[in-house]
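Colleague: Starting off with a structure, shown below.
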Amino acid sequence: MSTSKGLLHAVGVGPGDPDLITLKAIRALNAADVVFAAASPKNDHSLALSIAAAHLKPGVPVVRLDFPMTRDAEVLSRAWETNARTVLEALNAGKDAVFLTLGDPMTYSTCGYLLRTLREMDPAARVEIVPGVTSYQAAAALAGQTLAESGESFIVLSGIRDAEDLQRGLEVAENAVILKAYRNFPAITQALRRTGAQDSALLVSQCGLPGQSVHRGLDQCPEQPPYLSLLLVKRGKS
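Position 25, counted from 1, in the sequence shown is what full-length UniProt numbering calls 25; the numbers after and before it change by one each time, with no gaps.
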């Protein structure tokens, strides 16, 4: 085995539709000696892994990295350190590795936590990032709605924020995306109504997957959206 350190590719596999994975991502997957897949300790399934599976070398080992769904800073810190150490062990053994992530590795991804911790442990670690199609790009294409044009502004918001924060964000831009819309939907709907966007907002769920759906206007939306849901907002337009 080579004594040189391996290379880690942080690979975005797209939002769910396996046809949206990039050629660069496929090349990285084809060459990987080990694959790391982020997962919740409560869930055995990895959508990112199911998308990538067709492009992996036969028999390549796949290692789950558990990222707990909690806001406990101590628990999270321990998990990031454990996962970064696992990846470093593979790289130090000369193995080229891939860390899989849905969408894009640099957009609301567990990848950011892993890379930050990895670089703290070993600033010389070799890392290349392969961007992926984001969920909101795919959702806009499915709905046939432009994200922004001409001199318009565009903002990406996290749906876990409270109604007041979301309202302030919506008020500064003509166009918005609200990600993680499933978790905090009452606060999101409150912010949309306060800014007059309740009728024009588009809720896109399970984009690129079986059961995908598009609902226009809050009155047409389910009370509790599915896990993979986001909102496209053109404030003041219908």
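We treat Cβ as the ideally placed atom computed from N, Cα and C, and that holds for glycine.
Please read these numbers as outputs of a predicted model, since none were measured by experiment.
Which residue comes first and which comes last in the beta strand (DSSP E) that contains I178?
Modeller: In the sequence shown, counting from the first residue as 1, residue 178 sits at position 178. Unbroken beta strand (DSSP E) run through I178: 175-179.
Colleague: Go through its chain and collect everything with a Cβ distance to N92's Cβ below 7 Å, but skip five positions before and after it.
Modeller: As a working note, residue 92 is residue 92 in the sequence shown. Excluding positions up to five away in sequence, the list reads K5.
Colleague: With distance defined between alpha-carbon atoms, name the residue in S153, A201, T189 nearest to Q145.
Modeller: Residue 145 sits at position 145 when you count from the first residue of the sequence shown. Cα-wise, what sits closest to Q145 is A201.
Colleague: Out of A28, Q167, I51, R216, point me to the one whose CA is closest to D17's CA.
Modeller: As a working mapping, residue 17 is identified with position 17 in the sequence shown. Answer by Cα proximity: I51.
Colleague: Is the CB-CB distance between V156 and V177 below 8 Å?
Modeller: For the purposes of this step, residue 156 is identified with residue 156 of the sequence shown, where counting begins at 1. For the purposes of this step, residue 177 is identified with residue 177 of the sequence shown, where counting begins at 1. Taking 8 Å as the Cβ cut-off, V156 and V177 qualify as a contacting pair.
Colleague: Assign N30 to one of two classes, buried (16 or more other C-beta atoms within 10 Å of its C-beta) or exposed (fewer than that).
Modeller: What you label residue 30 is simply residue 30 of the sequence shown in a count that begins at 1. Its Cβ having fewer than 16 others within 10 Å, N30 is exposed.
Colleague: Anyone know if the C-beta pair for A97 and D33 falls short of 8 Å?
Modeller: In the sequence shown, residue 97 corresponds to position 97, counting from 1. In the sequence shown, residue 33 corresponds to position 33, counting from 1. Yes, the Cβ-Cβ distance between A97 and D33 is below 8 Å.
Colleague: Out of P186, E149, S150, state which residue places its alpha-carbon closest to the alpha-carbon of E164.
Modeller: In the sequence shown, the residue the question calls residue 164 occupies position 164. Looking at the Cα atoms, P186 is the closest of the given residues.
Colleague: From F36 to V63, what distance separates their C-alpha atoms?
Modeller: Sequence index remark: in the sequence shown, residue 36 carries index 36 (1-based). Sequence index remark: in the sequence shown, residue 63 carries index 63 (1-based). Roughly 5 Å separates the two Cα atoms.
Colleague: How is the alpha helix (DSSP H) around I188 delimited, first residue to last?
Modeller: The sequence position of residue 188 within the sequence shown is 188, counting from 1. Residues 185-194.
Colleague: Does DSSP put I160 in a helix, a strand or coil?
Modeller: Within the sequence shown, residue 160 is the residue found at index 160, counting from 1. If DSSP states are grouped into helix, strand and coil, I160 belongs with coil.
Colleague: Pull up the distance between the alpha-carbon of A125 and that of D199, whole angstroms please.
Modeller: Taking the sequence shown and counting its residues from 1, one reaches residue 125 at position 125. Taking the sequence shown and counting its residues from 1, one reaches residue 199 at position 199. C-alpha separation (whole angstroms): 49 Å.
Colleague: Please report the straight-line C-alpha distance between M1 and V127, rounded to a whole angstrom.
Modeller: Position 1 of the sequence shown, counted from the first residue, corresponds to residue 1. Position 127 of the sequence shown, counted from the first residue, corresponds to residue 127. Unreliable placement is indicated for M1, whose pLDDT of 41 sits below 50; the coordinate value is still reported in the next sentence. Each residue's Cα considered, the two are about 20 Å apart.
Colleague: Going straight from the alpha carbon of S238 to that of S229, what length do you get?
Modeller: Locating residue 238 in the sequence shown gives position 238, counting from the first residue. Locating residue 229 in the sequence shown gives position 229, counting from the first residue. Confidence at S238 is low in this model, with a pLDDT of 48, below 50, so its placement is unreliable and no value can be given for it.
Colleague: Enumerate in chain order the residues of its own chain whose CB-to-CB distance from Y227 is below 7 Å, with the five nearest sequence positions on each side excluded.
Modeller: Here residue 227 refers to the residue found at position 227 when the sequence shown is read from its first residue. Around Y227: Y182.
Colleague: Do A28 and T110 come within 8 Å of each other at the CB atom, strictly closer than that value?
Modeller: On the sequence shown, residue 110 is found 110 positions in, with the first residue counted as 1. On the sequence shown, residue 28 is found 28 positions in, with the first residue counted as 1. Contact: no.
Colleague: Could you tell me which residues DSSP puts in a beta bridge with I129?
Modeller: Residue mapping note: residue 129 aligns to position 129 of the sequence shown, counting from 1. DSSP, once it has assigned bridges, lists A10 as partnering I129.
Colleague: Along the chain, where does the alpha helix (DSSP H) containing V87 start, and where does it finish?
Modeller: By one-based count along the sequence shown, residue 87 stands at place 87. Where V87 is concerned, the enclosing alpha helix (DSSP H) stretches over 73-92.
Colleague: Under the assumption that N175 contacts V233 (Cβ atoms under 8 Å), give the Cβ distance between them as a whole number of angstroms.
Modeller: The residue you call residue 175 lines up with position 175 of the sequence shown. The residue you call residue 233 lines up with position 233 of the sequence shown. With a Cβ gap of about 7 Å, N175 and V233 count as contacting.
Colleague: For S2, which three-state DSSP category applies?
Modeller: Residue mapping note: residue 2 aligns to position 2 of the sequence shown, counting from 1. Residue placement at S2 is poorly supported in this model, since its pLDDT is 47, which falls under 50; the coordinates are not used for a value here.
Colleague: Quick check: G211 and T101, are their CB atoms within less than 8 Å of each other?
Modeller: Counted from its first residue, the sequence shown places residue 211 at position 211. Counted from its first residue, the sequence shown places residue 101 at position 101. In this structure, T101 does not lie closer than 8 Å to G211 by Cβ.
Colleague: Check whether the Cβ atoms of F67 and S46 sit closer than 8 Å, and answer yes or no.
Modeller: As a first step, residue 67 is located in the sequence shown; it is residue number 67 there, counting from the start. As a first step, residue 46 is located in the sequence shown; it is residue number 46 there, counting from the start. Against a cut-off of 8 Å, the Cβ pair of S46 and F67 comes out as no contact.
Colleague: Have a look at A90 and M106 and give me their C-alpha separation to the nearest angstrom.
Modeller: The count along the sequence shown starts at 1 and reaches residue 90 at position 90. The count along the sequence shown starts at 1 and reaches residue 106 at position 106. Distance between the alpha carbons of A90 and M106: 22 Å.
Colleague: Go through its chain and collect everything with a Cβ distance to D104's Cβ below 6 Å, but skip five positions before and after it.
Modeller: Here residue 104 corresponds to residue number 104 of the sequence shown, with the count starting at 1. Cβ within range, chain order: G12, P131, G132, T134.
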